[in-house]
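What follows is a single structure, written as structure tokens, with notes after it.
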Amino acid sequence: MAHPLPTRERPAGPAGPPPRVRRVSPAQRASAIARLVTAAVVGLVMMFPLYWMITIAFSPSADVVSRELQLWPSAWTLDNFRTIFGTFPAATWFGNSVVVTAIITVLTVSVNLLAGYAFAKLDFRGKGFVFLLVLSTMMVPVQVLMVAQFRLVTELGIYGTFWAVIFPSAASAFGIFLARQFIIAIPDELLEAARMDGAGTVRIFLQIILPLCKPLIAVLVLLTVMYQWNDFAWPLIALKDAQLFTLPIGLLYLQGQYGADYGAIMALALLSITPIVIMFLAFQKYFVQGLARSGIR
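Residue numbers (the working numbering): 154 to 450.
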């Protein structure tokens, strides 16, 4: 015979105050709906170019040249991707972008971290003036700097090579400022304790500063990769051989050399943004954390 399970009765006690119900006025409800609709409309408008690029990249040529507006391809195809890989050296351009961006990222992040450590934790004569001089370069237009960069790479004899793109981008004033702001927040007591244990400047940087700078490194890597991967103006000036072109210059090469094949152009554009989108989604948490700890929001 099955016995019923005992039930636990709630002890009797003084009844608490009833929960307060927040009343929303019709005006507040209408305002919330209006904000939601506005955000949805703005989001759709901002996402439409990306959707249109994807649609054209996978559309057949008949849909691309059609005078009728087609928001959805009549048939999904990979012909445009076959065109850019079969007719144009898209794989070479992609590889060039990967090599140039990787070397610049390693150099830039290393220089920015070392300079930020020096400005934040080391004492030397003229530190404030030198740091102010570095910050002042952020006020100079990029187009003005390109003139000096062009003369520099020409006199060094590296014009037309990858090093003409890499060498002028080996440091970033904004990256140095970001690194300095992040490292200056690290307590000095940690460094003093390391010095009492006999650690030198290099050992302190490698064993104490670097492990605490993981969010900063993620931010510097992401910002550098995004900028260098999409950089168009300087590689266009510094490179002259089509086999050395990067993806942004390849897009211009597609349009200028062989006419306006918009399907192929959109396919190459989609190929060029895919690594950046994947990288941003993978490191988004570190990106936000690093910017927040650097005091830049």
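Note that beta-carbon positions come from the ideal geometry of N, C-alpha and C, so glycine has one too.
If you're wondering where the values come from, they're calculated on a predicted model, not measured in any experiment.
*Exposed or buried, which one is residue 205 when buried takes at least 16 other CB atoms within 10 Å?*
exposed
_Can you give me the C-alpha to C-alpha distance between residue 267 and residue 403, rounded to a whole angstrom?_
34 angstroms
*asked:* On the CB-based measure, 16 or more other CB atoms within 10 Å of its CB, does residue 348 come out buried or exposed?
replied: exposed
*Can the beta-carbon of residue 190 be found less than 9 angstroms from the beta-carbon of residue 399?*
no
*Can you have a look at residue 335 and say buried or exposed, based on whether 16 or more other CB atoms are within 10 angstroms of its CB?*
buried
_Check for me: the alpha helix (DSSP H) holding residue 254 runs from which residue to which?_
243-274
*Alpha carbon to alpha carbon, how far is residue 319 from residue 255?*
10 angstroms
_Assuming residue 265 and residue 329 are in contact, meaning their beta carbons sit under 8 angstroms apart, how far apart are those beta carbons, in whole angstroms?_
Rounded, the Cβ-Cβ distance is 5 angstroms, consistent with contact.
_With H, G and I counted as helix, E and B as strand and the rest as coil, what does DSSP make of residue 385?_
coil
*asked:* Comparing C-alpha positions only, which one of 221, 211, 237 and 220 sits nearest to residue 228?
replied: 211
*Leaving aside the five residues before and after residue 246 along the sequence, list all residues of the same chain whose C-beta is less than 7 angstroms from its C-beta, in chain order.*
Counting only Cβ-Cβ distances below 7 angstroms, and skipping sequence neighbours, we find 398, 399, 400 and 403.
*residue 192: buried (16+ other C-beta within 10 angstroms of its C-beta) or exposed?*
exposed
*To the nearest whole angstrom, what separates the beta carbons of residue 300 and residue 391, a pair I think is in contact under 8 angstroms?*
With a Cβ gap of about 13 angstroms, residue 300 and residue 391 do not count as contacting.
*Could you check the C-alpha separation between residue 261 and residue 284 for me, to the nearest Å?*
Taking the CA atoms as reference points, residue 261 sits about 17 angstroms from residue 284.
*According to DSSP, is residue 293 helix, strand or coil?*
coil
*Leaving out five residues before and five after residue 337 in sequence, what residues of the same chain have Cβ atoms less than 6 angstroms from its Cβ?*
Counting only Cβ-Cβ distances below 6 angstroms, and skipping sequence neighbours, we find 273.
*Determine, using beta-carbon pairs with one atom in the segment 427-436 and one in the segment 346-362, whether at least three such pairs fall under 8 angstroms.*
Contact between the segment 427-436 and the segment 346-362 is absent, because fewer than three Cβ pairs lie under 8 angstroms.
*With distances taken from CA atoms, which of 184, 180 and 217 is nearest residue 417?*
217
*asked:* Since residue 234 and residue 291 should fall inside the 8 angstroms C-beta cutoff, what is the C-beta to C-beta distance between them, to a whole number of angstroms?
replied: Not really, about 39 angstroms apart at Cβ, beyond 8 angstroms.
*Could you check where the alpha helix (DSSP H) with residue 148 kicks off and where it finishes?*
In this structure the chain extends from 154 to 450, so residue 148 is not present and cannot be described.
*From the DSSP output, in three-state form, read off residue 223 for me.*
Residue 223 falls in the coil class under three-state DSSP.
*Counting only runs of 4+ residues fully inside the segment 362-440, write out the alpha helix (DSSP H) ranges in chain order.*
367-383, 386-391, 400-410 and 415-435
_Short of 8 angstroms in beta carbon distance, which residues of its chain neighbour residue 374, apart from the five on each side in sequence? Order them along the chain._
258, 262 and 436
*Relative to the alpha-carbon of residue 341, which residue among 237, 331 and 361 has its alpha-carbon at the smallest distance?*
Of the listed residues, the one whose Cα sits closest to residue 341 is 361.
_By alpha-carbon positions, which one of 441, 237, 270 and 184 ends up nearest to residue 419?_
237
_Inter-residue spacing [alpha-carbon to alpha-carbon] between residue 421 and residue 221_ = 24 angstroms
*Mind listing, in chain order, the continuous alpha helix (DSSP H) runs of no fewer than 4 residues lying wholly within the segment 193-219?*
214-218
*Under a three-way DSSP split, which group does residue 232 fall into?*
helix
*Simplified DSSP state of residue 311, which is helix, strand or coil*: coil
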